[in-house]
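Note that our numbering numbers the sequence shown so that position 135 is 1346, with each residue one more than the last.
Note that beta-carbon positions come from the ideal geometry of N, C-alpha and C, so glycine has one too.
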Amino acid sequence: MYWPAINSVVILCFAIVIILAFSQIIRRLADKQDDIDVLKKQLDEQNDKITIYENITNRQQQQITDINKNLTACLAPLEQLEVRIEEVASTTQLLQSNIDSESSEHKLYGRAKKMIEMGADIDELVVECEIPRAEAELLISIYKK
């Protein structure tokens, strides 16, 4: 006679244990769902940041492209200027060498003129001024008059 009451109590205890276990499982699932929601929110924030950084990167890439175009546009005249500078330098060097040779020739003939005015003869001119005999004769004929 006590068996049905005991069975009822055992079943009731078992049901309470099962209800408590389910309750604890449901609480754990709710906590995990909260964790998932927090992680989803963080992921959304990170995705927003990634979008912002992608936009910034795209703008910077466009700026770099524009700068490269401007640099390329600036380099062409600079290269032309460099070629022109080399041409001018070459011409200047040639002119300087011409001036130097003319200057030394001018000095040479000036010295020969002074020597002729002081009475030097052909042989002295050839030796001192290191000029050919025919030039010495020509200079004497020009400057003695």
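- A1347 counts as buried, since no fewer than 16 other beta carbons sit within 10 angstroms of its beta carbon.
- The segment 1339-1355 and the segment 1319-1327 touch, with three or more beta-carbon pairs separated by less than 8 Å.
- Take the alpha-carbon of I1217 and the one of F1225: they are about 12 Å apart.
- Residue environment for C1285: exposed (fewer than 16 other C-beta atoms within 10 angstroms of its C-beta).
- For M1329, the secondary structure class from DSSP, reduced to helix, strand or coil, is coil.
- Separation of S1234 and D1255 (C-alpha to C-alpha, rounded to the nearest whole angstrom) is 31 Å.
- Where E1346 is concerned, the enclosing alpha helix (DSSP H) starts and stops at R1344 to Y1354.
- Between V1337 and R1344, the C-beta spacing is below 8 Å.
- In this structure, the alpha-carbon of N1258 lies about 46 Å from that of I1227.
- When rounded, the separation of the alpha-carbon atoms in T1303 and L1349 is 33 Å.
- When DSSP states are grouped into helix, strand and coil, E1341 belongs to the coil group.
- Taking I1333 as the centre and dropping the five residues before and after it, the same chain places the C-beta of R1344, A1347, E1348 and I1351 closer than 7 Å to its C-beta, in chain order.
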